[in-house]
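In the UniProt record's numbering, the protein residues as written are 1 to 224.
Using N, Cα and C, we set each Cβ at its ideal position, and we do this for glycine too.
Note that this is a predicted model, so its numbers are computed, not measured.
Structure record follows, encoded as structure tokens.
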Ligand SMILES: Nc1ncnc2c1ncn2[C@@H]1O[C@H](COP(=O)(O)OP(=O)(O)OP(=O)(O)O)[C@@H](O)[C@H]1O
């Protein structure tokens with residue numbers, strides 16, 4: 001049997017605020033197979049971002065187990081977490097977080113250079129991803145010279161630059177109008193599928209969720 005790219009078991013997370021403990025995740029179990037695209041639905045405040053932050057190895061304070069591409073998160077030190085984030089994960093957020101002084105292409109080149117690729121290969125990969133997203137004519141534009149939908153497409157290309165086993169997306173089209181969101185999401189899904197990456201996509205949008213391979217719902221701290 002193929003090993004899942006993500007395996008979460010008994011994940012817990014609470015926050016203490018004003019002396020009150022809020023148990024946000026109360027034992028989340030989730031497995032995502034290679035190339036599988038999973039929609040993470042849940043009401044506002046149900047803990048979708050908290051779950052993605054845990055899986056993204058961005059924060060500590062979690063109970064339970066997270067395995068990504070065969071590596072147990074709890075056994076990783078800071079360097080190991082950085083390596084797994086860089087080599088196995090890609091991130092897309094609601095807001096693009098592109099570097100404003102870099103062009104569209106340079107924003108996609110950068111993570112590849114950090115990983116240690118050659119500039120020529122990184123340029124070629126950036127060009128091919130951005131062209132696949134319809135931005136072949138925008139390679140040298142800065143983020144401020146791009147529309148919201150175009151900025152988010154660049155963020156998608158950046159997330160896929162290092163061929164991650166798993167893309168984590170937190171409301172990836174939440175900042176776009178409905179028509180643009182639909183187009184960008186369709187392109188995102190097509191590209192992720194074409195690349196063979198798996199994805200875990202947090203969204204409020206049931207209609208969008210149905211375009212993915214599987215839907216899981218976060219409710220009262222657990223997945224159903
Ligand atoms: N750093 C923190 N400190 C205290 N409470 C937090 C922190 N981060 C999240 N929470 C609380 O955890 C709960 C879940 O938040 P989270 O952002 O994960 O929900 P969400 O499902 O992503 O919501 P939304 O769909 O509105 O983005 C909320 O009640 C939130 O206030």
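Original post:
Is it right to say residue 100 is buried, meaning 16 or more other beta carbons lie within 10 angstroms of its own, or is it exposed?
Top reply: exposed
Subject >> Those residues which DSSP pairs with residue 223 across a bridge >> reply: 218
Original post:
Quick one, which of 30, 4 and 3 has its alpha-carbon nearest residue 223's?
Top reply: It is 30.
Original post:
Opposite residue 67 in the DSSP bridges: which residues?
Top reply: 7 and 72
Subject >> Burial state of residue 96 (16 or more Cβ within 10 Å) >> reply: buried
Original post:
Can we count residue 42 as close to ligand 1, meaning its CB is less than 6 Å from some heavy atom?
Top reply: yes
Subject >> ligand 1 heavy atom lying under 6 Å from the CB of residue 102 >> reply: For ligand 1, not one heavy atom lies less than 6 Å from the Cβ of residue 102.
Original post:
Between residue 104 and the rest of its own chain, which residues show a CB-CB distance below 7 Å, the 5 nearest in sequence each way excluded?
Top reply: 130, 135, 138, 139, 141, 146 and 154
**OP:** Report back the beta-carbon spacing between residue 158 and residue 108 to the nearest angstrom; my notes put them in contact at under 8 Å.
**Re:** So it is a contact: roughly 5 Å between Cβ atoms.
Original post:
Is it the case that the CB of residue 48 approaches a heavy atom of ligand 1 more closely than 6 Å?
Top reply: yes
**OP:** Classify residue 231 as buried or exposed, calling it buried when 16 or more other Cβ atoms lie within 10 Å of its own Cβ.
**Re:** Since the first and last residues shown for the chain are 1 and 224, residue 231 lies out of range.
Subject >> Check: residue 45 C-beta below 6 Å from any heavy atom of ligand 1 >> reply: yes
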